[in-house]
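Student: The structure's right below; bear with me while I get my questions together.
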Amino acid sequence: MSKKIHPYSAYKKTGIKWMDSVPNNWQVKPIKYVVTCNDDVLSEGTPKDFEIKYVEVGGVSEQLGIESFSTLEFGDAPSRARRLVAHGDTIVSTVRTYLRAIAPVINPPENLVVSTGFAVIRPKGIQSDFARYLLSTEYFMSEVISHSTGVSYPAINTPELMNIKVAIPTPKEQAAISIFLNKEIAKIDDLIQKQEKLVNFSVEARQALISHAVTKGINRKVKLRQTDVKWFGEIPSHWNHSKLGLYSKRVVVGIAEAATQAYQDSGTPILRATNIRPMKIIGDLLYLNDGFADDRESKSLNAGDLVTVRTGNAGVTALVPKELHGCQCFTMLITTVNDKLNPEFMNYWMNSSPAQSYFSIEGWGTAQVNISVPILKQLPIPIPPLSEQDEIVAYLESKTSEIDCLISKTKESLALLKERRDSLISAAVTGKIDVREAA
1 MSKKIHPYSA
11 YKKTGIKWMD
21 SVPNNWQVKP
31 IKYVVTCNDD
41 VLSEGTPKDF
51 EIKYVEVGGV
61 SEQLGIESFS
71 TLEFGDAPSR
81 ARRLVAHGDT
91 IVSTVRTYLR
101 AIAPVINPPE
111 NLVVSTGFAV
121 IRPKGIQSDF
131 ARYLLSTEYF
141 MSEVISHSTG
151 VSYPAINTPE
161 LMNIKVAIPT
171 PKEQAAISIF
181 LNKEIAKIDD
191 LIQKQEKLVN
201 FSVEARQALI
211 SHAVTKGINR
221 KVKLRQTDVK
231 WFGEIPSHWN
241 HSKLGLYSKR
251 VVVGIAEAAT
261 QAYQDSGTPI
271 LRATNIRPMK
281 IIGDLLYLND
291 GFADDRESKS
301 LNAGDLVTVR
311 TGNAGVTALV
321 PKELHGCQCF
331 TMLITTVNDK
341 LNPEFMNYWM
351 NSSPAQSYFS
361 IEGWGTAQVN
371 ISVPILKQLP
381 IPIPPLSEQD
391 EIVAYLESKT
401 SEIDCLISKT
411 KESLALLKER
421 RDSLISAAVT
431 GKIDVREAA
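Taking UniProt numbering, the leading residue of the sequence shown gets 1, the next gets one more, and so forth.
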């Protein structure tokens, strides 16, 4: 922005919670006076073999817009696949509004149809670019959420949505705001894209580093030998390889029964799949009363055990830390390795690309991959000498820590850029700043 941006010279009160004042010459009115809603729908008489591209509520996010669609014939499509969209529209989810599934429609493919869980908003007395920015603001999203009803499945009806009040500048100002935002947001989006590429590259580099270290070691001059194991191929000639089950004291399933009646505010922690990420345990834990946990002592986890997700992100593994010694886990796989293996080395191996490929291919299920005790026991494992396992762990801890620090700093920069983007849009379309000279 080469020119200084200032507020407007005079403002007036709106009486609206999320937007207390607007420039004097702007109008505050329900959005229904400047847009239409749900103009075009597929008729029930549409030929059954008519091909559509269908967007569900789950295929839209606040950050990425329309992320995915399914190509279907009308006869096979769900009954909610009815609302046609056009370039310049904005789709707003009217169900589960807390998801903030609001997205602009920009150069859509032919016959793009969205769920009746969306309201399709089309500019009428307002410029389309200005409308797109206006409907993406925190102000508008907050209004949608605050006017929704229902606890577990909050929703807003069309009349309520169309009665949300917005601030409308003159057509000339709308054009100036759109020109300004198109230019400035493009710059920010370019920076965001570069930072996201850096994060993705760093994540891939981290995974490649781990996968190489646990299958080839950290001595570049070491002699390799070919194995008959497709998951790691060549390994250092002095390494062995085997199956996880043969080097484990136990591979079992954690608690696999209803436990909600035993939940309480404190007691024995219980891990769920949502707590497990590659190499680490995250999130808030649930707790069991000690009596319930004690009755299932054979299922308890010890520090140094490996806990592996069984369904969904099957194969993702974390090491149980000292502070969670004696905890339980819910329907996950527990591995206690023998003294020939460093559990930290196994943690790296089980989260490596080759091991994750094994779980993906050997698991079963279509919607979600599942693995079992036998599959985990059959996991091929590379086995360096124990002292070398320790060296590899120390090396990976150092190197991945450096990469993690870079990823963390890059994500912080990303968050600031996205915050700047949202703030700039909000300030421009609600009149907090006057961009007419900067456009």
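The C-beta atom is built at its ideal place from N, Cα and C for all residues, glycine as well.
When DSSP builds the beta bridges, which residues end up paired with aspartate 434?
Tutor: BP columns for aspartate 434 point to His6.
Student: Rounded C-beta distance between alanine 293 and glycine 267? I'm assuming under 8 Å.
Tutor: That pair is a contact at about 7 Å.
Student: Roughly how far, in whole angstroms, is the beta-carbon of lysine 165 from the beta-carbon of proline 30, given that I think they are within contact range, below 8 Å?
Tutor: That belief holds up - the Cβ atoms of lysine 165 and proline 30 are roughly 6 Å apart, short of 8 Å.
Student: Taking buried to mean at least 16 other C-beta atoms within 10 Å of its own C-beta, is valine 251 buried or exposed?
Tutor: Valine 251 should be labelled buried.
Student: Have a look at the DSSP bridge pairing and note the partners of histidine 212.
Tutor: Note: histidine 212 sits in no beta bridge, so no partner.
Student: In three-state DSSP terms, what is glycine 75?
Tutor: Helix, per DSSP.
Student: Going by DSSP in three states, proline 104 sits in which element: helix, strand or coil?
Tutor: Here proline 104 sits in strand by DSSP.
Student: Would you grab the beta carbon distance between glutamate 62 and arginine 100 for me? Rounded to a whole angstrom, and I think it's under 8 Å.
Tutor: The pair is a contact, with the Cβ atoms about 4 Å apart (cut-off 8 Å).
Student: So, are the CB atoms of glutamate 402 and isoleucine 218 less than 9 Å apart?
Tutor: Their beta carbons are not under 9 Å apart, which means glutamate 402 does not touch isoleucine 218 by this criterion.
Student: Between the Cα of glutamate 160 and the Cα atoms of Ser152, Tyr153 and Ile145, which residue gives the shortest distance?
Tutor: When each option's Cα is compared against that of glutamate 160, the closest is Ile145.
Student: Compare the C-alpha of glutamate 234 against each of Ile255, Ser211, Pro269 and Glu297 and name the closest.
Tutor: Of Ile255, Ser211, Pro269 and Glu297, the residue nearest in Cα terms is Ser211.
Student: Please classify asparagine 351: is it buried, with 16 or more other beta-carbons within 10 angstroms of its beta-carbon, or exposed?
Tutor: Buried is the call here.
Student: Select from Arg420, Lys243 and Asn289 the residue whose C-alpha is nearest the C-alpha of tyrosine 263.
Tutor: When only C-alpha atoms are compared, the closest one is Asn289.
Student: Quick check: the Cα distance between tryptophan 239 and isoleucine 185, rounded to an integer number of angstroms?
Tutor: Cα to Cα, the separation comes out at about 54 Å.
Student: Exposed or buried, which one is serine 43 when buried takes at least 16 other CB atoms within 10 Å?
Tutor: Serine 43 comes out exposed.
Student: Is it buried or exposed, arginine 220, if we count other Cβ atoms within 10 angstroms and call 16 or more buried?
Tutor: It is exposed - the Cβ of arginine 220 has fewer than 16 other Cβ atoms within 10 Å.
Student: Quick one, are the C-beta atoms of serine 242 and proline 380 less than 9 Å apart?
Tutor: Taking 9 Å as the Cβ cut-off, serine 242 and proline 380 qualify as a contacting pair.
Student: State yes or no: is the C-beta of tyrosine 54 within less than 9 Å of the C-beta of serine 79?
Tutor: Contact: no.
Student: Using CA atoms only, rank isn't needed, just tell me which of Pro154, Val151, Asp49 and Met162 is closest to isoleucine 121.
Tutor: Per the Cα distances, Met162.
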